[in-house]
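I have placed the structure first, in the form of structure tokens, so that the comments after it can refer back to it.
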Ligand code: ADP
Ligand code: MG
């Protein structure tokens, strides 16, 4: 079973940033309003994610680490309409199989926190306000071959920060902070969508973009799309979310570029933040273990809607 977990971990956990993404997903699923990420050596030595969410009751702590144990869905019908970030019950088990993991958690009604050490299974009282801290130390310590594939600490740190940024852009109602070796590297305070866009994409993004808002059958598209003159040389300012989850989607990328066809010359890339909210039965998020890819039931309808949202926004007279 240890081997099976480690193989599964290979699909979910590629580098510190993958751990950060899964742990922040869990914090958001727990209803956190503040998420703090602390890293050591780009996350290779330590990743700690603290939240003020609902916490985990002591009797459920061991379950949280078990493979395929999720508290989020119970039936196949629920999988069809999944609204939480997590649902596979795989991440914590996978992470714990390739690191030294501990969970410290305190639900609202508990007198104190409990700390569970994943390796020893030892449970002990601990001090903490309501919420959960997951500590992941020495990633890939037992799989040196995997550890060798990690890049420099600076590169791993940059990927980890990017993982938090993707969450932060979609959730301005949640405050985020990222610390590296005791230094605050990023902080996004709770506020409006506009404020968060400005904080993450730059103060001039609002002036250099137009709002999108389109209702198309089973989906609603909102967000902001950059004006052609604000296009970039690189595609690293393109953020697409499907039902709140950051995804990489060729179809959406293509629809965006095609809406720009006549105005974007050469290799220039549009800047955009696009939230697609779609009837969950019309999209399969269970395509890839990391959930970064989705499959739409009717891709033509999504393609047309994205094109329309962009075209309308760019034609609008400002705002
Ligand atoms: P999934 O998110 O797919 O359910 P995970 O392996 O990521 O699976 O987490 C397993 C379970 O541990 C979750 O279903 C949840 O019950 C619990 N859990 C993990 N992290 C937290 C957290 N930060 N706050 C509350 N519960 C958590
Ligand atoms: Mg999860």
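Residue numbers (full-length UniProt numbering): 17 to 335.
Quick reminder that beta carbons are idealized off the backbone N, C-alpha and C, glycines included.
Identified DSSP bridge partners for residue i
i: residue 255; result: 289
i: residue 228; result: 239
i: residue 121; result: 130, 148
i: residue 52; result: 66, 193
i: residue 139; result: 132
i: residue 299; result: 312
i: residue 116; result: 153
i: residue 294; result: 235
Cβ separation of residue i and residue j, assumed to be a contact under 8 Å, to the nearest whole Å
i: residue 272; j: residue 257; result: Between residue 257 and residue 272 the Cβ distance is about 14 Å, and since that is not below 8 Å, they are no contact.
i: residue 135; j: residue 129; result: That belief does not hold up - the Cβ atoms of residue 135 and residue 129 are roughly 19 Å apart, past 8 Å.
i: residue 172; j: residue 60; result: 6 Å
i: residue 413; j: residue 176; result: Residue 413 lies beyond the stretch modelled for the chain, which goes from 17 to 335, so this question has no answer here.
i: residue 58; j: residue 161; result: The pair is not a contact, with the Cβ atoms about 19 Å apart (cut-off 8 Å).
i: residue 150; j: residue 65; result: 5 Å
i: residue 148; j: residue 47; result: Wrong, their Cβ atoms sit about 11 Å apart, outside the cutoff.
i: residue 114; j: residue 156; result: 5 Å
i: residue 153; j: residue 116; result: 4 Å
Residue nearest to residue i in terms of C-alpha spacing, selected from the options
i: residue 53; options: 285, 118, 200, 79; result: 200
i: residue 79; options: 211, 137, 31; result: 137
i: residue 242; options: 50, 39, 119, 331; result: 331
i: residue 67; options: 192, 114, 168, 33; result: 192
i: residue 312; options: 299, 320, 321; result: 299
i: residue 69; options: 42, 81, 86; result: 42
i: residue 255; options: 184, 117, 189, 232; result: 184
i: residue 127; options: 116, 145, 295; result: 145
i: residue 101; options: 317, 308, 333, 143; result: 308
i: residue 189; options: 125, 211, 115, 195; result: 211
i: residue 263; options: 48, 154, 290; result: 290
i: residue 260; options: 301, 280, 222; result: 301
i: residue 310; options: 316, 265, 279; result: 265
i: residue 49; options: 159, 179, 207, 55; result: 207
i: residue 51; options: 222, 218, 194; result: 194
i: residue 163; options: 325, 222, 31; result: 31
i: residue 187; options: 239, 55, 319; result: 239
i: residue 179; options: 294, 252, 224; result: 252
Neighbourhood of residue i by C-beta, 8 Å cutoff - its chain only, sequence neighbours within 5 removed
i: residue 328; result: 228, 230
i: residue 314; result: 298
i: residue 28; result: 34, 38, 106, 107, 110, 111, 305, 306
i: residue 283; result: 249
i: residue 181; result: 202, 216
i: residue 280; result: 244, 247, 273, 286
i: residue 347; result: Absent from the model: residue 347. The displayed extent of the chain is 17 to 335, so no value can be given.
Host alpha helix (DSSP H) of residue i (start-end)
i: residue 216; result: 209-217
i: residue 178; result: 169-186
i: residue 77; result: 77-80
i: residue 250; result: First-last for residue 250: undefined, no H or E at that position.
i: residue 266; result: 266-275
i: residue 45; result: 32-45
i: residue 164; result: 160-164
Beta-carbon contacts of residue i that lie in its chain and below 6 Å, excluding the five residues immediately before and after
i: residue 276; result: 286
i: residue 268; result: 256, 322
i: residue 140; result: 131
i: residue 142; result: 120, 129, 131
Residue span of the beta strand (DSSP E) that contains residue i, given as start and end
i: residue 149; result: 147-153
i: residue 283; result: Counting along the chain, residue 283 falls outside any beta strand (DSSP E), and DSSP gives it neither H nor E.
i: residue 199; result: 199-204
i: residue 263; result: 261-263
Cβ-based neighbour list, residue i, same chain, cut-off 7 Å, excluding 5 preceding and 5 following
i: residue 73; result: 123
i: residue 321; result: 230, 232, 235, 237
i: residue 108; result: 80, 81
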